[in-house]
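**Q**
Residue numbers (our numbering), protein chains in the order written: chain L, 13 to 547; chain F, 13 to 547.
Written out as structure tokens, the structure is:
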């Protein structure tokens with residue numbers, strides 16, 4: 013009795029057999045739009061698989077991609093896993109040393125590079141053990157300081173059919189590394205089974221909701237957590253896919269939304285903010301076909317959700333996940349029976365939402381018990397399920413740190429859950445302030461502070477305290493030309509928080525240090541103000 | 013590294029944890045509506061599991077249900093599989109001997125019976141080896157000629173929590189038997205994995221499309237192929253579920269559609285025909301909330317699809333499947349880019365549609381090669397995939413007959429496929445007429461004949477022929493008071509078919525023999541006219 017496996021081959025074959033005429037459009041580096049369909053896509057995936065085989069790629073080998081969102085990158089999402097190899101997407105935003113580390117740790121056999129990124133790879137060429145380099149773009153050759161193939165030239169003469177092997181659903185299909193804000197990046201393997209299940213669940217009406225009728229614009233970088241599996245889900249349902257290429261500026265994105273009649277897209281809040289600003293300056297370009305967008309990476313601000321809804325008629329839907337979770341964990345759609353006034357509607361919308369089908373979650377306090385579903389009690393969100401990582405790739409030490417003994421992945425996110433099951437992330441484990449046995453959310457305090465008109469940026473850190481273990485210290489950057497006193501800021505916070513939550517002090521600084529991916533680097537500030545109470 | 017299993021427990025827990033307040037409504041035998049929610053439902057499922065355990069139900073044991081669509085039946089869809097046992101739904105429409113055979117073959121430990129069905133079971137009580145009987149209904153006791161428990165009494169004192177065991181996804185969760193029009197009924201086992209995957213795929217936007225916002229009316233009998241997995245999918249997404257109970261008359265169904273604001277339902281064409289007739293007589297009762305309905309079991313007639321669309325604004329969506337396929341195989345939504353005039357739209361709508369994600373299909377000719385995608389070449393549809401049966405339960409002989417050596421299930425349906433991938437069933441293997449090495453669809457000829465105003469019913473059978481192997485013979489029942497000659501009928505068919513398709517003869521008969529489930533019993537006619545060419 014043969015057990016029928018869940019593999020990405022099913023999606024590839026389905027796209028070809030049922031949606032061969034549906035379009036894929038991709039913006040090249042020169043601004044031109046390359047168009048083909050799933051039938052031609054399938055032929056090129058076959059050619060690519062033949063080319064990879066000739067380059068010596070074998071089962072289980074990793075194929076690195078250092079690239080923007082293009083149709084070639086889509087081909088690399090399918091050819092390696094469907095031939096039994098593994099795609100490995102590399103985050104363009106990392107430091108060169110991290111990139112070199114990741115490529116070597118993953119043992120990438122071939123590296124596919126978008127042509128404008130050649131200089132970045134030249135910098136680390138001598139440090140990496142890759143056997144073959146392929147430059148992606150429409151040209152037949154590229155000048156590189158290292159030996160390389162050109163993608164179009166490489167696949168040009170190859171056969172447009174491929175003898176796909178039988179694949180086990182537990183085989184790795186993809187790999188990605190966490191951004192590694194602390195320590196070295198950690199690798200995560202995605203199985204065929206996990207990606208297939210994730211894609212199907214992501215396409216459900218109450219999750220992202222993807223249909224053959226949709227025209228999908230890929231804004232989430234394909235080097236971030238499988239682009240939230242949207243390329244796979246879109247192929248499965250036969251949706252049109254549109255790739256913005258190497259210059260995903262607000263103008264390019266908005267123009268594509270209109271010219272390609274985009275009905276579905278997803279991105280981080282920063283993108284939506286940029287799109288908002290662009291649309292305010294270009295009101296005639298308001299996207300006509302877009303009714304909702306998915307927003308992930310961090311919680312979208314209320315003002316942004318409100319502006320999109322009221323000014324453009326576009327609903328921002330927040331989803332939450334991490335590299336280790338493929339990524340979809342929760343998605344926020346208000347339940348049909350909730351009676352919400354404007355204020356509670358928008359408040360609900362910034363929470364992370366309801367956990368997706370097939371996942372299992374707990375929010376656990378320090379003593380290991382679960383929090384009450386009261387929207388108040390805080391704990392760490394831990395997860396298991398078919399697309400939640402069970403280990404870090406070749407890293408037993410980190411695996412031990414980040415996975416519980418009963419098989420849950422530790423998100424290191426501090427969350428609350430309300431009686432309806434909506435989860436809200438209130439802090440990171442390392443940032444939450446532990447004061448006298450209770451927890452204070454640094455994020456809540458920061459958001460409140462940043463709502464003050466004189467404040468440009470603010471962060472709140474826990475400072476070692478002789479009596480209370482830790483106490484909150486606010487670090488505030490003022491807007492140019494504005495002024496406010498410590499006392500005024502504390503008074504501003506007072507109505508919103510319990511007295512023991514209020515920061516002990518406010519320090520005014522010139523800038524908040526940032527990590528490589530643009531997040532507040534609280535570690536630097538914690539070091540700087542470490543001995544605050546001793547001084 | 014623990015492999016996270018796909019089990020129905022996930023759906024049960026999700027419904028309780030996220031949708032505890034959502035309603036389940038169920039019409040009792042006395043016409044009253046019982047209402048509770050998923051939270052209370054969960055408690056009763058726990059009570060039922062405790063009761064089953066006390067009755068001695070162990071892992072892998074089968075629990076039979078002989079019942080209508082009620083909330084108690086829903087509880088029986090969850091309690092047995094989530095405790096590691098197996099629900100076994102028994103088709104009420106079978107002959108008593110078949111029912112007894114099925115119950116004994118499945119070795120049911122407990123049998124749950126709706127109170128109005130007691131007389132049916134009394135007839136076979138002495139033939140079946142069931143240990144315990146439970147009568148379902150709101151009363152605390154029922155008079156039966158055999159020892160029995162009453163459902164409400166049985167679960168009343170039990171604990172509302174249950175220590176659910178770990179379950180392997182390959183374990184059986186459910187069982188059903190085919191209606192067995194030829195030979196003995198054959199058993200099919202449904203694994204947790206298969207049901208979970210089927211439910212998720214069925215809920216996709218381009219399949220049935222199920223959301224938390226939906227109010228679901230269960231018209232498909234729960235004793236037919238897991239009620240198309242709609243009870244599971246609805247629990248997973250947290251949709252409201254409505255059960256019409258033991259009198260699913262058109263009036264009851266239509267009243268529930270309006271009073272419960274039904275947005276989703278599914279049933280066989282006969283139901284839609286009855287609903288149509290009822291609505292024509294009661295135009296004020298037109299369902300206000302229903303935009304589409306799923307229709308399966310057989311292809312819905314064009315006239316019905318058209319009438320629902322044009323008169324009620326309700327789209328009939330055809331889906332195809334069998335007991336052995338859980339059942340979803342194909343579902344018909346016209347692709348977004350198809351430019352269809354009215355005629356081609358309705359013609360497309362009666363085809364079985366596109367194969368669902370995760371399934372693999374072939375349409376194979378007698379020589380084992382696949383048919384061309386031209387909508388003309390006929391072959392047998394064979395399938396494999398995560399929810400396609402791989403064998404018959406305890407029946408190696410039938411297994412050998414109905415499964416190919418390369419692991420496909422043989423549907424015994426003759427199909428064509430067009431270039432877009434739409435599948436159309438044109439006949440059954442045993443009914444297709446093999447004339448001179450080519451195949452003639454008996455169904456196409458029948459449909460054409462039945463379009464003649466004088467014809468009430470018609471069937472076309474293959475009759476042994478000395479030269480052509482088989483030739484078509486039309487068996488026609490005239491409408492009362494109408495008359496037509498053989499020559500006129502052949503002339504009526506002539507413009508639509510190749511000359512060699514036309515029946516050699518037409519015989520007029522009083523009635524077409526029917527099987528237990530109401531289908532034409534062509535076997536009887538084939539026997540009757542066996543020596544037609546010899547006479």
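Ideal placement from N, C-alpha and C gives every residue a C-beta, glycine not left out.
#1: Give the secondary structure of residue 117 of chain L by DSSP, where H, G and I count as helix, E and B as strand, and everything else as coil.
#2: Give me the residue from F:281, F:241 and F:294 with the minimum Cα distance to residue 263 of chain F.
#3: So, does the stretch 231 to 243 of chain F touch the stretch 82 to 91 of chain F, judging by three or more C-beta pairs under 8 Å?
#4: Does any C-beta atom of chain F lie closer than 9 Å to the C-beta of residue 47 of chain L?
#5: Would you mind reading off the limits of the beta strand (DSSP E) that contains residue 330 of chain L?
#6: Of all the CB atoms in chain F, is at least one closer than 9 Å to the CB of residue 13 of chain L?
#7: Is it right to say residue 352 of chain L is buried, meaning 16 or more other beta carbons lie within 10 angstroms of its own, or is it exposed?
#8: When you check each C-beta in the stretch 63 to 88 of chain L against every C-beta of chain F, which residues fall closer than 9 Å?
#9: Would you mind working out which of L:494, L:144, L:381 and L:150 sits nearest residue 161 of chain L, comparing C-alpha positions?
#10: On the three-state DSSP scale, how would you describe residue 28 of chain F?
#11: According to DSSP, simplified to helix, strand and coil, what is residue 13 of chain L?
#12: Listing by chain order, which chain L residues have their CB less than 7 Å from the CB of residue 26 of chain F?
#13: Say whether chain F places a C-beta atom closer than 9 Å to the C-beta of residue 53 of chain L.
#14: Which chain L residues are close to residue 221 of chain F, counting only those with a beta carbon under 7 Å from its beta carbon?
#15: Along the chain, where does the alpha helix (DSSP H) that runs through residue 86 of chain F open and close?
#16: Rounded to whole angstroms, what is the Cα-Cα separation between residue 27 of chain L and residue 365 of chain F?
#17: Cβ closer than 7 Å: which chain F residues qualify as neighbours of residue 29 of chain L?
#18: Less than 8 Å between the CB atoms is what I'm expecting for residue 41 of chain L and residue 155 of chain L, so what's the real figure, rounded?
#19: Specify the secondary structure class of residue 340 of chain F as computed by DSSP and reduced to three states.
#20: Distance, Cα to Cα, residue 271 of chain L vs residue 219 of chain L?
#21: Assuming residue 422 of chain F is part of the beta strand (DSSP E), what are its boundary residues?
#22: Can you name the residues of chain F whose CB is closer than 8 Å to the CB of residue 397 of chain L?
#23: Please determine, among F:377, F:423 and F:476, the residue with the shortest C-alpha to C-alpha distance to residue 543 of chain F.
#24: In terms of DSSP beta bridges, what is residue 49 of chain L paired with?
#25: Is there a Cβ of chain L sitting closer than 9 Å to that of residue 23 of chain F, yes or no?
#26: Would you say residue 510 of chain F and residue 489 of chain F are within 9 Å of each other, going by their C-beta atoms?
#27: Check this for me: beta carbons of residue 423 of chain L and residue 367 of chain L, under 9 Å apart or not?
#28: Would you kindly report the start and end of the unbroken alpha helix (DSSP H) that includes residue 214 of chain F?
#29: Is the shortest distance between the beta-carbon of residue 419 of chain F and the beta-carbons of chain L less than 9 Å?
#30: Beta carbon of residue 222 of chain F, beta carbon of residue 268 of chain F: below 9 Å?
#31: Pull up the distance between the alpha-carbon of residue 231 of chain L and that of residue 258 of chain L, whole angstroms please.
#32: Verify the CB distance criterion: does residue 400 of chain F have a CB-CB separation below 9 Å to chain L?
#33: Rounded to whole angstroms, what is the Cα-Cα separation between residue 525 of chain F and residue 48 of chain L?
#34: In the DSSP assignment, find the beta strand (DSSP E) that holds residue 473 of chain L and state where it starts and stops.
#35: Between F:519, F:330, F:238 and F:483, which has its C-alpha nearest residue 77 of chain F's C-alpha?
#36: Which first and last residues belong to the alpha helix (DSSP H) in which residue 409 of chain L is found?
**A** From the atom records:
#1: Residue state, collapsed to three classes: helix.
#2: If we check each option's Cα against that of residue 263 of chain F, F:294 comes out closest.
#3: These segments touch.
#4: Not one chain F Cβ lies under 9 Å of residue 47 of chain L.
#5: Residues 327 to 333.
#6: With a pLDDT of 46 at residue 13 of chain L, under the threshold of 50, the modelled position of that residue is not reliable, and no figure is offered here.
#7: Its Cβ having fewer than 16 others within 10 Å, residue 352 of chain L is exposed.
#8: Flagged: no residues at all.
#9: Of the candidates L:494, L:144, L:381 and L:150, L:144 places its Cα closest to the Cα of residue 161 of chain L.
#10: Here residue 28 of chain F sits in helix by DSSP.
#11: Because the pLDDT at residue 13 of chain L is just 46, under 50, the model does not fix this residue reliably, and the value given afterwards should be weighed accordingly. Residue 13 of chain L sits in coil when the DSSP states are folded into three classes, being neither helix nor strand.
#12: Residues of chain L passing the Cβ test: 369.
#13: No, residue 53 of chain L lies away from the interface with chain F (no Cβ there is under 9 Å from its Cβ).
#14: From the beta-carbon of residue 221 of chain F, the residues of chain L found nearer than 7 Å are 217.
#15: For residue 86 of chain F, the uninterrupted alpha helix (DSSP H) segment begins and ends at 83 to 94.
#16: In this structure, the CA atom of residue 27 of chain L is about 15 Å from the CA atom of residue 365 of chain F.
#17: Against residue 29 of chain L, the close residues of chain F are 433, in the order they occur along the chain (beta-carbon pairs closer than 7 Å).
#18: Actually they do not touch by this definition, with Cβ atoms about 15 Å apart.
#19: It is a strand residue.
#20: In a straight line, the C-alpha of residue 271 of chain L is about 26 Å away from that of residue 219 of chain L.
#21: From DSSP, the beta strand (DSSP E) with residue 422 of chain F extends over 421 to 429.
#22: Those within 8 Å of residue 397 of chain L in chain F are 16.
#23: Minimum Cα distance to residue 543 of chain F is reached at F:476.
#24: Paired residue(s): L:35.
#25: Interface residue, yes.
#26: Not a contact, by the Cβ cut-off of 9 Å.
#27: Cβ atoms of residue 423 of chain L and residue 367 of chain L: not closer than 9 Å.
#28: 204 to 214 is the extent of the alpha helix (DSSP H) around residue 214 of chain F.
#29: Taking Cβ atoms only, chain L reaches closer than 9 Å to residue 419 of chain F, which makes this a yes.
#30: Contact: no.
#31: In this model, residue 231 of chain L and residue 258 of chain L are separated by some 11 Å (Cα to Cα).
#32: Yes, contact with chain L.
#33: Going from the Cα of residue 525 of chain F to the Cα of residue 48 of chain L covers about 54 Å.
#34: Per DSSP, residue 473 of chain L belongs to the beta strand (DSSP E) from 467 to 477.
#35: Cα-wise, what sits closest to residue 77 of chain F is F:238.
#36: According to the DSSP assignment, residue 409 of chain L belongs to the alpha helix (DSSP H) that extends over 408 to 414.
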